[in-house]
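In the working numbering, the protein residues as written are 13 to 271.
Shown next as structure tokens:
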């Protein structure tokens with residue numbers, strides 16, 4: 013069994029690996045190669061979750077998947093984010109990272125837009141055999157809604173809680189969570205969240221999952237329930253992913269208490 017101290021979960025935002033302003037999937041291949049290079053030296057157990065970016069959000073918006081069930085739209089959106097995952101996994105393996113795509117549509121069930129259950133035995137088995145599972149934001153079956161869009165920002169805390177991760181990072185396209193002056197907020201806790209919430213926006217681009225505010229709320233709930241500290245940092249800046257994986261205190265810490 014994988015110990016919590018040795019498990020790291022890294023989420024890479026869709027705005028980092030795709031052009032999120034595009035109306036259809038545009039991948040940033042060079043960025044994925046850079047990220048793979050930074051991950052390649054990491055020796056501990058790792059789960060990667062990436063955002064859908066322009067491979068998921070425009071498609072989900074086009075078919076109004078957040079408001080209604082649409083069979084064709086659900087399938088088209090799932091196949092699109094699956095294509096992005098295949099690209100990411102392919103590049104990771106080019107850098108000698110033993111990665112395999114794990115598609116939430118095939119192993120997750122939601123209820124009213126929230127994860128209800130997920131099959132994890134195969135992920136534990138992969139980690140024990142030094143295979144890196146790569147998950148992503150996806151359309152999944154939903155007991156109440158037919159299907160629902162489940163973001164990587166919801167998948168990450170779910171996995172962290174269920175698998176008791178020791179290190180959790182959200183790589184975005186900004187220097188952490190920014191205040192109204194554009195400065196990085198070093199720490200967000202339940203106590204100061206009300207004060208900083210007004211300065212936290214959604215996403216500048218098409219995003220059906222809540223943008224930065226959604227990220228912070230998911231991480232706060234996780235820290236409150238499981239006392240896991242998360243970090244939101246700029247994954248677009250070369251070297252930052254490697255710094256996070258080494259345990260450096262970068263970006264914004266989301267925690268249950270002042271640190």
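Ideal placement from N, C-alpha and C gives every residue a C-beta, glycine not left out.
Using the Cα positions of residue i and residue j, report the straight-line distance between them to the nearest angstrom.
| i | j | result |
| --- | --- | --- |
| residue 248 | residue 255 | 13 Å |
| residue 62 | residue 206 | 28 Å |
| residue 203 | residue 102 | 43 Å |
| residue 26 | residue 66 | 7 Å |
| residue 229 | residue 175 | 20 Å |
| residue 94 | residue 60 | 14 Å |
| residue 200 | residue 192 | 15 Å |
| residue 198 | residue 83 | 43 Å |
| residue 125 | residue 260 | 34 Å |
| residue 253 | residue 190 | 19 Å |
| residue 119 | residue 173 | 17 Å |
| residue 79 | residue 227 | 21 Å |
| residue 138 | residue 54 | 16 Å |
| residue 267 | residue 236 | 8 Å |
| residue 28 | residue 41 | 10 Å |
| residue 106 | residue 210 | 43 Å |
May I ask you to report which of helix, strand or coil DSSP gives residue i?
| i | result |
| --- | --- |
| residue 22 | strand |
| residue 165 | helix |
| residue 157 | coil |
| residue 109 | coil |
| residue 223 | helix |
| residue 92 | helix |
| residue 56 | coil |
| residue 16 | The pLDDT assigned to residue 16 is 47, lower than 50, so where the model puts this residue is not dependable; a value taken from the coordinates is nonetheless given after this. Three-state DSSP puts residue 16 in a helix. |
If we count the other Cβ atoms within 10 Å of its Cβ and call it buried at 16 or more, is residue i buried or exposed?
| i | result |
| --- | --- |
| residue 50 | buried |
| residue 246 | buried |
| residue 187 | buried |
| residue 166 | buried |
| residue 33 | exposed |
| residue 97 | buried |
| residue 129 | exposed |
| residue 38 | exposed |
| residue 169 | buried |
Could you please give me the residues that DSSP links to residue i through a beta bridge?
| i | result |
| --- | --- |
| residue 62 | 24, 148 |
| residue 191 | DSSP output for residue 191 lists no bridge partner at all. |
| residue 273 | The requested residue 273 does not occur in the structure, where the chain is confined to residues 13 to 271. |
| residue 129 | 121 |
| residue 30 | 39 |
| residue 171 | Paired residue(s): none; residue 171 is not in a bridge. |
| residue 180 | 21, 242 |
What is the C-beta distance between residue i and residue j, in whole angstroms, given that I count them as a contact (C-beta under 8 Å)?
| i | j | result |
| --- | --- | --- |
| residue 122 | residue 154 | 4 Å |
| residue 20 | residue 177 | 7 Å |
| residue 181 | residue 243 | 5 Å |
| residue 77 | residue 208 | So it is not a contact: roughly 30 Å between Cβ atoms. |
| residue 148 | residue 265 | In fact, because the Cβ distance is near 25 Å, the residues do not count as touching under 8 Å. |
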